[in-house]
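These notes concern the structure reproduced below.
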Amino acid sequence: MSRVQALPQNTPPQTGCATPLEILDLGRIEYGEALDFQKSRVSSRINGVTGDTLLLLEHEPVITMGRGGLAEHLHVSEEHLKRQGVGLFWVERGGMATFHGPGQLVAYPIILLHEKDLHLYMEKLLAAVAAVLRGYGLEPQLGVHGPGVWVNGGKIASVGMAVRKWVTFHGMALNVNTDIGWFGLITPCGNPTERITSMRQELGHDVDFAEVSRRFVRAFADEFGFSPRPEPQERRPDWLTVRLQPEENVSPVEEMLSGLHLHTVCQEAMCPNKGECFARGTSTFIILGDVCTRGCRYCAVGKGKPEPPDAAEPDNVAHAVQRMKLRHAVITSVTRDDLPDGGAGHFVAVMKAVRAASPHTSVEVLVPDFQGNRDAIDAVCDVRPDVFNHNLEAVRRIFAQVRPRASYDLSLKVLAHAAVRGLRVKSGIMLGLGETWDEIRQTLADLHANGCRFLTLGQYLAPSTAHVPVARYLAPDEFDHWKRVALNMGFTGVASAPLVRSSYRAEAMLEEQAAASRLQPCQAHSASTEVVVGSQGRQGMSCANAPQGIA
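All residue numbers for the sequence shown refer to the numbering used here, where the first residue is 7 and numbers rise by one.
Right under this line is the structure:
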């Protein structure tokens with residue numbers, strides 16, 4: 007997922023005042039999921055939340071019927087399609103029947119047509135496809151049997167569009183390495199004599215799909231006058247603007263916590279929701295000091311040699327919970343690799359003190375990985391916290407870049423062990439670090455497979471220039487999309503929005519889930535787990551030197 011400027015450095019320079027364009031590579035995706043996101047992004051563009059976007063993707067095998075499609079254009083029954091794993095959709099785009107599948111580059115421009123000229127838009131879109139084909143030594147022909155692109159008499163690219171308030175969606179499909187045998191299931195574009203071809207068939211060899219995508223983006227930008235711009239955008243988007251809370255809502259809570267020598271995520275991790283949470287009289291307590299033994303590259307918490315645990319801290323936390331009349335208390339910590347049990351015993355003491363002082367307060371723990379020490383993890387599980395939270399933080403490919411002393415697989419094992427112990431399991435990842443849609447989907451699948459049922463996703467925000475930079479700001483509609491995906495996967499509690507953090511409104515998520523489903527505490531891999539994707543905060547969940555652990 008990138009913007010035009012992320013293309014190779016030989017991208018032709020643009021001149022004049024041109025419009026920035028966001029490029030989203032959705033990877034290989036089911037047609038229905040992509041269609042839902044298209045519609046969400048169209049609404050975002052109409053409402054001015056996002057700018058122009060070009061979606062690039064491959065579909066799983068699917069037949070789509072446009073407004074001109076007829077039942078007789080489908081040569082087999084829907085049952086036959088299902089047996090072959092081929093989807094079928096009747097959609098609002100122009101055109102008739104076509105096939106989408108692996109090896110086919112699909113581009114869905116979601117752009118505002120300032121000229122309000124659909125014919126001009128179609129011409130430019132086809133011209134971009136033709137430019138790509140010429141770059142490979144092919145001779146494209148336009149308008150042979152209607153809209154589309156042909157090479158040597160065979161149709162190689164189809165187009166179909168829809169527009170809403172002059173914002174386009176749907177788009178074009180270019181057969182790169184497509185198995186053209188699939189087109190035998192239909193009458194392509196309603197023409198029984200139409201021959202289908204592909205770049206692979208015309209060139210006699212497989213074609214680098216990613217390179218075709220890059221060339222199409224360049225050609226599209228040239229045709230429509232889009233220009234590169236720095237990524238991410240220099241100014242944070244409006245949806246990341248937080249309204250400041252009045253000081254009188256914040257100061258009393260901070261003064262009380264200071265008097266008890268307590269630390270909170272809200273203060274230490276520069277959480278953007280501090281004002282809102284303090285105004286509601288809630289906070290997430292950091293125990294075991296405010297100095298971490300890890301050096302995660304996304305986290306604002308101080309690193310160094312910590313002080314010994316404060317023996318008075320369990321009672322102080324319990325006193326604060328009681329004074330604040332919390333319905334739900336979140337207890338987290340810095341990572342303490344210097345302690346034999348990683349601080350697990352201190353977690354136990356705090357939980358017991360809170361429950362003794364405030365029996366009606368539910369307790370959520372947001373724990374480090376304890377270096378895979380099973381005894382330490384079991385000690386925490388034995389106290390039966392209402393929610394066991396351990397954040398994964400990032401997708402597998404990026405994990406080591408942001409958590410160099412941690413293990414993706416060990417974090418999953420920690421979560422799985424808590425789920426087997428019958429706890430509600432929660433985790434989270436940060437988005438905006440450069441992950442792809444395929445990687446996000448796989449990470450959610452990994453979490454679900456390891457017992458997570460509660461999930462939150464949030465935008466990564468770099469605490470300083472010394473931390474890992476933001477690769478991309480995701481719009482609210484993307485977070486909405488991933489919430490839908492997660493719920494469809496089987497997660498039962500999902501919070502997904504740019505400013506969501508691990509403990510943000512955690513009590514509301516727990517209460518809403520309990521009210522909706524009347525779930526009892528999770529039973530190994532089958533009950534509810536809530537996953538939170540936080541940014542920049544104190545998630546303190548790494549595995550020093552990646553020990554195996556959890557034997």
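Even for Gly, the Cβ is constructed at its ideal location relative to N, Cα and C.
Residue closest to residue i, alpha-carbon to alpha-carbon, out of the options
{"i": "S204", "options": "C298, P243 and F105", "result": "F105"}
{"i": "L480", "options": "W488, H473 and V474", "result": "W488"}
{"i": "H325", "options": "G499, K311, F291 and G301", "result": "F291"}
{"i": "V408", "options": "D381, L437 and V323", "result": "L437"}
{"i": "E399", "options": "P365, R361, L439 and R427", "result": "L439"}
{"i": "M3", "options": "F215, S83, I162 and V323", "result": "Here the chain covers residues 7 to 557 and nothing more, so residue 3 does not appear."}
{"i": "V97", "options": "E85, L76 and H81", "result": "L76"}
{"i": "H366", "options": "V112, T193 and R333", "result": "R333"}
{"i": "I383", "options": "V420, A412 and V360", "result": "V420"}
{"i": "A468", "options": "V476, T462 and D486", "result": "V476"}
{"i": "G231", "options": "P504, L516 and T25", "result": "T25"}
{"i": "I337", "options": "L345, H352 and L80", "result": "H352"}
{"i": "E5", "options": "V173, L516, A40 and N494", "result": "Beyond the ends of the chain as shown, which are 7 and 557, falls residue 5; an answer cannot be given."}
{"i": "R430", "options": "R459, A362 and I404", "result": "R459"}
{"i": "V271", "options": "D296, E518 and L30", "result": "D296"}
{"i": "Y510", "options": "L418, A520, L463 and A359", "result": "L463"}
{"i": "P320", "options": "G301, E313, C305 and L294", "result": "L294"}
{"i": "A317", "options": "L268, R329, C305 and Y142", "result": "L268"}
{"i": "H211", "options": "Y142, P146, S164 and A412", "result": "Y142"}
{"i": "E445", "options": "G93, R34, G308 and H396", "result": "R34"}
{"i": "S364", "options": "M178, G72 and R329", "result": "R329"}
{"i": "A451", "options": "M495, H423, A472 and Y414", "result": "M495"}
{"i": "R361", "options": "T341, H86 and K331", "result": "K331"}
{"i": "A216", "options": "A168, V138 and Y466", "result": "V138"}
Per-residue DSSP class, three states only, for residue i
{"i": "P67", "result": "coil"}
{"i": "T104", "result": "strand"}
{"i": "D185", "result": "coil"}
{"i": "G190", "result": "helix"}
{"i": "M245", "result": "Reading the sequence as shown, one finds Trp at residue 245 and not Met. W245: helix per DSSP, three-state reduction."}
{"i": "M547", "result": "Annotation note: pLDDT 32 at M547 (below 50); position unreliable, no value reported."}
{"i": "F232", "result": "strand"}
{"i": "V218", "result": "helix"}
{"i": "L209", "result": "helix"}
{"i": "T535", "result": "Any reading at T535 needs caution, since the residue's pLDDT is 31, under 50, leaving its predicted position unreliable; the model's value is listed next. Residue state, collapsed to three classes: coil."}
{"i": "D296", "result": "coil"}
{"i": "G177", "result": "strand"}
{"i": "G93", "result": "strand"}
{"i": "H79", "result": "helix"}
{"i": "L62", "result": "strand"}
{"i": "L505", "result": "coil"}
{"i": "L437", "result": "strand"}
{"i": "E98", "result": "coil"}
{"i": "V476", "result": "coil"}
{"i": "R51", "result": "helix"}
{"i": "C302", "result": "coil"}
Start and end residues, alpha helix (DSSP H) containing residue i
{"i": "K88", "result": "E84 to R89"}
{"i": "R170", "result": "No alpha helix (DSSP H) holds R170; the beta strand (DSSP E) holding it covers G160 to R170."}
{"i": "A501", "result": "Counting along the chain, A501 falls outside any alpha helix (DSSP H), though it belongs to the beta strand (DSSP E) covering G499 to S502."}
{"i": "C493", "result": "Going by the sequence as given, residue 493 is Leu instead of Cys. Element bounds for L493: P482 to M495."}
{"i": "A449", "result": "Checking the sequence shown, residue 449 turns out to be Thr, not Ala. Here the alpha helix (DSSP H) through T449 covers W443 to A455."}
{"i": "I383", "result": "R380 to D388"}
{"i": "Q407", "result": "R402 to V408"}
Residue range of the beta strand (DSSP E) that includes residue i
{"i": "D31", "result": "T25 to I35"}
{"i": "I116", "result": "Q110 to I116"}
{"i": "L418", "result": "Element bounds for L418: not the beta strand (DSSP E) but the alpha helix (DSSP H), Y414 to V426."}
{"i": "T462", "result": "F460 to Q465"}
Identified DSSP bridge partners for residue i
{"i": "N395", "result": "L372 and K432"}
{"i": "I202", "result": "K161"}
{"i": "H120", "result": "Answer is none; H120 lacks a bridge partner."}
{"i": "F226", "result": "In DSSP, F226 forms no bridge with anything."}
{"i": "F291", "result": "T270 and I337"}
Residue-level contact to chain C via CB, residue i, 9 Å cutoff
{"i": "M330", "result": "Structure shown: chain C not included; a single protein chain is present."}
I'd like the ranges of any alpha helix (DSSP H) spanning at least 4 consecutive residues and lying wholly in the region 124-156.
124-141
Runs of alpha helix (DSSP H) lying entirely within the region 304-375, each at least 4 residues, in chain order:
The qualifying runs are 319-330 and 350-363.
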